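Those letters in the sequence shown? Residues 0 to 214, by numbering that gives the first Met the number 0. Note that beta-carbon positions come from the ideal geometry of N, C-alpha and C, so glycine has one too. Note that the structure is predicted; figures quoted are calculated from it, not measured. The structure appears below as structure tokens.
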Amino acid sequence: MPDKNLRELGGKPLIAHSIEQAQSATHIDRSIVSTEDPRIRRKAEEFGASVPFQRPDEIATDTSTANEVVQHAIKWYKSNNETFEYVCLLLPTVPFRTVEDIDTAVNHLQESDAHSLVSVTQYDNPPFWAVETNQERILPHFDENPWQKTRTQEFPTLYHPNGAVYVASVADFEAAESFYTDKTIHYKMPKERSLDIDEPYDLEKARALLAWRSE
């Protein structure tokens with residue numbers, strides 16, 4: 000979805016939701032936006048975010064990862080003689096996280112002996128039901144035959160990262176070059192705060208959810 004971070008949701012661009020949440024979070028001392036797009040820069044600054052540098056072209060491609068973007072930000076601050084103890088990533092495509100989600104997640108990590116934290120939400124359907132298509136046939140993706148179990152209650156409760164909150168100590172993030180370290184803990188979030196906007200359909204769902212909440 001082109002320009003999705005600038006799409007309107009609740010009367011403001013999508014990226015503004017994450018900016019305002021970061022600014023209101025107790026445990027976030029500095030909130031910045033990394034972008035190569037001058038339109039996003041203007042909107043970010045309009046909503047009070049700092050945009051201290053322009054994202055390099057080599058990490059502004061469709062194949063660039065969020066980890067690369069975070070690594071660049073950490074290195075930029077180090078080159079300017081500024082360091083931080085923790086780093087937190089808030090993807091703008093997950094607008095329904097709350098300030099409490101951020102603060103609780105950061106606090107949870109700080110009170111543990113873990114190196115990083117990733118927010119998760121429960122799968123809508125058991126991933127064991129995943130199938131592959133082969134011409135006209137469907138084949139189970141996993142070795143176990145998923146059709147031996149037809150009720151969701153027969154499967155273990157599984158979760159997946161929802162993109163809402165990633166937190167790590169800077170030292171451990173740099174060592175792993177990822178928020179997935181050798182000691183990563185989770186923060187569970189409900190589905191209604193885990194909506195990830197990737198396609199136009201997701202944006203319409205988000206708008207409908209906002210309308211439903213306001214009733």
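If you follow the beta strand (DSSP E) that His71 is part of, which residue opens it and which one closes it? Taking the first residue of the sequence shown as position 1, residue 71 is located at position 72. Note, His71: premise wrong, no beta strand (DSSP E); alpha helix (DSSP H) at Ala65 to Ser78.
Hey, out of Arg6, Gln70, Tyr200 and Ser115, whose CA is closest to Lys182's CA? For the purposes of this step, residue 182 is taken as residue 183 along the sequence shown, with counting starting at 1. Checked all of Arg6, Gln70, Tyr200 and Ser115; the closest Cα to Lys182 is Ser115.
Boundaries of the beta strand (DSSP E) in which Val166 is found, first to last residue: Sequence index remark: in the sequence shown, residue 166 carries index 167 (1-based). Looking at the DSSP string, the run of the beta strand (DSSP E) that includes Val166 is Tyr158 to Ser168.
Using the three-state DSSP reduction, which class does His107 fall into: helix, strand or coil? Looking up residue 107 in the sequence shown gives position 108. Here His107 sits in helix by DSSP.
Hey, how far is the Cα of His159 from the Cα of Lys42? Counted from its first residue, the sequence shown places residue 159 at position 160. Counted from its first residue, the sequence shown places residue 42 at position 43. So the two alpha carbons sit approximately 31 Å from each other.
Note down the Cα distance separating Ala104 from Phe178, rounded to an integer number of angstroms. Here residue 104 refers to the residue found at position 105 when the sequence shown is read from its first residue. Here residue 178 refers to the residue found at position 179 when the sequence shown is read from its first residue. Their backbone Cα atoms lie some 13 Å apart in a straight line.
What do you reckon, are the CB atoms on Met188 and Val130 nearer than 9 Å? As a first step, residue 188 must be located in the sequence shown, where it is residue number 189. As a first step, residue 130 must be located in the sequence shown, where it is residue number 131. Result no, Cβ atoms of Met188 and Val130 do not sit closer than 9 Å.
Over what stretch of residues does the alpha helix (DSSP H) that includes Ser225 continue unbroken? The displayed coordinates of the chain run from 0 to 214. Any statement about residue 225 would go beyond what the structure contains.
Coarse secondary structure for Val86, derived from DSSP in three states: Walking along the sequence shown from the start, residue 86 turns up at place 87. Looking at Val86 - three-state DSSP - the assignment turns out to be strand.
Suppose you measure from the CA of Phe154 to the CA of Tyr122; what does that come to, to the nearest Å? In the sequence shown, counting from the first residue as 1, residue 154 sits at position 155. In the sequence shown, counting from the first residue as 1, residue 122 sits at position 123. So the alpha carbons of these two residues sit roughly 11 Å apart.
Can you grab the Cα-Cα spacing for the pair Ile137 / Trp128, in whole Å? Here residue 137 refers to the residue found at position 138 of the sequence shown. Here residue 128 refers to the residue found at position 129 of the sequence shown. Cα atoms of Ile137 and Trp128: separation of roughly 11 Å, rounded to the nearest angstrom.
Short of 6 Å in beta carbon distance, which residues of its chain neighbour Arg54, apart from the five on each side in sequence? Order them along the chain. The sequence position of residue 54 within the sequence shown is 55, counting from 1. Contacts found: Ser33, Thr34 and Glu35.
Beta strand (DSSP E) containing Gln121: first to last residue? If you number the sequence shown from 1, residue 121 lands on position 122. Unbroken beta strand (DSSP E) run through Gln121: Ser115 to Gln121.
Could you say if the region 56-63 and the region 13-26 meet the contact criterion of at least three C-beta pairs nearer than 8 Å? Contact annotation: the region 56-63 does not touch the region 13-26, with fewer than three C-beta pairs closer than 8 Å.
Mapping the DSSP letters down to three states, classify Gln22 as helix, strand or coil. Locating residue 22 in the sequence shown gives position 23, counting from the first residue. The three-state secondary structure of Gln22, taken from DSSP, is helix.
Tell me which same chain residues have a C-beta within less than 6 Å of the C-beta of Asp197, skipping the five on either side of it? Position 198 of the sequence shown, counted from the start, is the residue given in the question as residue 197. Setting aside the 5 residues that flank it on each side, Asp197 has no residue in the same chain whose C-beta is closer than 6 Å to its C-beta.
Under 9 Å between C-beta atoms of Val169 and Phe83: Position 170 of the sequence shown, counted from the first residue, corresponds to residue 169. Position 84 of the sequence shown, counted from the first residue, corresponds to residue 83. Contact annotation: Val169 and Phe83 have beta-carbon atoms nearer than 9 Å.
Per DSSP, which one or two residues make a beta bridge with Glu203? Locating residue 203 in the sequence shown gives position 204, where the first residue counts as 1. Glu203 pairs with nothing; no bridge assigned.
Within 9 Å (strictly less), CB to CB, does Ala210 reach chain C? As a matter of chain content, chain C is missing from the structure shown, which is built from one protein chain.
Where the beta strand (DSSP E) containing Pro1 begins and where it ends: Counting from one through the sequence shown, the residue named residue 1 turns up at place 2. Counting along the chain, Pro1 falls outside any beta strand (DSSP E), and DSSP gives it neither H nor E.
Range of the contiguous beta strand (DSSP E) that encloses Arg96: As a first step, residue 96 is located in the sequence shown; it is residue number 97 there, counting from the start. Careful: Arg96 lies outside any beta strand (DSSP E) and carries neither H nor E.
Under 8 Å by Cβ, that's how I've got Pro91 and Asn161 pegged, so tell me the actual separation to the nearest angstrom. Residue mapping note: residue 91 aligns to position 92 of the sequence shown, counting from 1. Residue mapping note: residue 161 aligns to position 162 of the sequence shown, counting from 1. Contact between Pro91 and Asn161 is absent: CB atoms are separated by about 14 Å, not below the 8 Å threshold.
May I have the straight-line CA-CA distance separating Met0 from Tyr200, to the nearest angstrom? Numbered from its first residue, the sequence shown carries residue 0 at position 1. Numbered from its first residue, the sequence shown carries residue 200 at position 201. So the two alpha carbons sit approximately 10 Å from each other.
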